[in-house]
Structures are given as C-alpha cells and as structure tokens.
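If you're matching them up, the sequences are chains A and B in order. Using my numbering, read the first sequence as starting at 425 and increasing by one per residue. Using my numbering, read the second sequence as starting at 425 and increasing by one per residue. Quick reminder that beta carbons are idealized off the backbone N, C-alpha and C, glycines included. For clarity, every value in this text was computed on a predicted model and none was experimentally measured. As structure tokens, the structure follows; a few thoughts come after it.
Protein chains: 2
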Amino acid sequence: MIDSVKEALARASARFVERFYAGDIAGAAEVYTEDARILPPGADMITGKPAIAEFWAGAAEAFGIKSITLETVVVEQQGADSACEIGRFSLSGEEGMLDQGKYVVVWKRDADGEWRWDWDIWNSSQS
Amino acid sequence: MIDSVKEALARASARFVERFYAGDIAGAAEVYTEDARILPPGADMITGKPAIAEFWAGAAEAFGIKSITLETVVVEQQGADSACEIGRFSLSGEEGMLDQGKYVVVWKRDADGEWRWDWDIWNSSQS
Chain A
425 MIDSVKEALA RASARFVERF YAGDIAGAAE VYTEDARILP PGADMITGKP AIAEFWAGAA
485 EAFGIKSITL ETVVVEQQGA DSACEIGRFS LSGEEGMLDQ GKYVVVWKRD ADGEWRWDWD
545 IWNSSQS
Chain B
425 MIDSVKEALA RASARFVERF YAGDIAGAAE VYTEDARILP PGADMITGKP AIAEFWAGAA
485 EAFGIKSITL ETVVVEQQGA DSACEIGRFS LSGEEGMLDQ GKYVVVWKRD ADGEWRWDWD
545 IWNSSQS
C-alpha cells in the first residue's frame, strides 16, 4: 500500500475528528460516501450520509460526546479504489472517557478522487 | 462479482454454522485464516486461528450458544483475492434467541484457494 494513500486516509479521518470536536457534525459526516452504511451497537444498520449525520448528532447529544480519537491498527488496500482498516477509538465527554473500542472501516475512493468511509462498524472493548 | 465466488463464500459460512451446531468448534474455526483477527464486543481484538477457536469455545460455554445463523446483506469483491461482506446474525440457546445483530467480514482467498474470514467484527442490534 503506497504512502500517499495512507496519508490520504489519515487526513480524512483527522478531518472527521476535527469537525466533530468543533461541533460541526454535518462537516464531520462529509467523511462518509453518499450511500455509506454504519452499523452502530444497539441499533440497526443506518444507510446514507444524511441519516448518518443525524445519528452522530443524536449520539453526541444523548451521550455527551465531546471528542473522538481514532488510531489506525492496520490498513490494507484492495484494488485501486478500496481499502480496509482496523482501528481503535475512544469517546470522551466533559468529565473524561465515556467508552473505548475498535472499528473496521471499508474505505472507497469516491468519484471526486477523495477517500471516504463507505462501511463503518464498531463495538466497545469494555465489558 | 461472479456467482462462483458468491457461492464459495456462502459454502464457507454454511460450514461454520454446521460445524458450530455440531459442537465441533475447532472445525468451525477452520473458516478463519491462520492470522485472522476477530473484534468481539466487550473484549480486545483476538489474533490467530487457535486463539479464535478458544474464544468461540469459551463463548459457546459461557452464553450457552447452541446455534448461529448468518445472513448476507451485501458482499463486494475487491481485487482477485479479497471481498467484504455485511450480514446479520442471530445466536440461539436451548431456550431460544440469545442475541441478534450484524457483522462485517473481510474475506481472503487463501494460499490453498479457499475463501476464509480474515477480519470479523460484529455487534448486537438489541438496545
């Protein structure tokens, strides 16, 4: 996997984290493809960028999530326009850490050349 | 994605289900690559087929899982030897359903030509 792709993925994820921290959830959701799917714990699959933005706005509000950190564990490119990533996340509120866990993201290189999250599934590592 | 690949994936998943139901957890774990990674809810990532077999044996015992059903929602091939799948699962014990949820599996075509689960992450859809 070439370094320029790794850097593009890292930049896209960093933008999600920055926009989320700034309270700009719609901006954060720009990391997703138009037809993206998220598979959140405790809920059914959610499809499409608008519904995903709504999910994250609701989650930020309901759980008091102020910041998210993402750390890539392994990423593998598959074909020219697709890559899979395993990573670790943590969610923090004003009083400190709310949850930590792990995720798999399936990345797609979009029509505009940007790498975006097409599938996103995660779970808590806390028992 | 060609039908013969879809059929090969379906056969591999069906074998996991059959072996698990027969109580042959080591046989079920043959669906994983040697270096596979699973990301179970409530625990850290587990790496390698022997450790994964041990995880499933422990989970079957601890939660009384007798049978697992798997249903593919979408599967996309990426490159010659890789595919990604979203699916739904349910876990049942002697008294009925224990849990239901969703998963993402990253498939690899192994050195022997068989398709196997290389990454496997899931979570419950129950709130």
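Can you give the Cα-Cα distance for residue i and residue j, rounded to whole angstroms?
i                : j                : result
Asp542 (chain B) : Pro465 (chain B) : 17 Å
Ser514 (chain B) : Val499 (chain B) : 19 Å
Thr496 (chain A) : Cys508 (chain A) : 11 Å
Val529 (chain B) : Val441 (chain A) : 25 Å
Ile462 (chain A) : Trp531 (chain A) : 12 Å
Leu433 (chain A) : Ser506 (chain A) : 11 Å
Gly517 (chain A) : Ala446 (chain A) : 13 Å
Met425 (chain A) : Asn547 (chain B) : 29 Å
Ser491 (chain A) : Ile545 (chain A) : 18 Å
Using DSSP with H/G/I as helix, E/B as strand and the rest coil, what is residue i?
i                : result
Ile492 (chain B) : strand
Gly482 (chain B) : helix
Gly537 (chain A) : coil
Gly466 (chain A) : coil
Relative to the C-alpha of residue i, which candidate in the options has its C-alpha closest?
i                : options                                : result
Ala460 (chain B) : B:Ser514, B:Gly517, B:Ala438, B:Arg533 : B:Arg533
Asp427 (chain A) : A:Ala452, A:Gln501, A:Gly511           : A:Gln501
Ala484 (chain A) : A:Ala438, A:Met425, A:Ala452, A:Thr457 : A:Ala452
Arg540 (chain A) : A:Glu454, A:Arg443, A:Phe444           : A:Glu454
Phe487 (chain B) : B:Gln550, B:Leu522, B:Ile449           : B:Leu522
Ser549 (chain B) : B:Ala504, B:Glu478, B:Arg512           : B:Arg512
Taking the alpha helix (DSSP H) that residue i falls in, what are its first and last residues?
i                : result
Ala436 (chain A) : 427 to 445
Ala450 (chain A) : 449 to 452
Output the boundary residues of the beta strand (DSSP E) element that contains residue i.
i                : result
Ala460 (chain B) : 456 to 463
Ala507 (chain A) : 506 to 517
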